[in-house]
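Below is one structure, written out as structure tokens, with a few remarks after it.
In our numbering, the protein residues as written are 1497 to 1577.
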């Protein structure tokens, strides 16, 4: 049983690391300008920032929940407790 929790914890860490990388690779305006405020001064940058953010976040979360559900039976642990 402890092995399962170690695997879940490792998977969660990988997810967080992947989310961090995805956020900074898909937000070139924010990274280039160093601050969100400076990157979002123009409407064009703001629209691009949020559209890329939405796509990246949706893809990362979708893959995470599908894999977590398939590999570890997440729903079973919720209903069992």
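The beta-carbon is built from N, C-alpha and C at its ideal position, and this holds for glycine as well.
- Between the C-alpha atoms of residue 1552 and residue 1498, what's the straight-line distance to the nearest angstrom? Distance from the CA atom of residue 1552 to the CA atom of residue 1498, rounded to whole angstroms, is 32 Å.
- residue 1501 versus residue 1509: straight-line alpha-carbon distance, rounded: 12 Å
- Item | Proximity to residue 1515 [Cα-Cα], best of 1505, 1554 and 1563 | The shortest C-alpha separation from residue 1515 is found at 1554.
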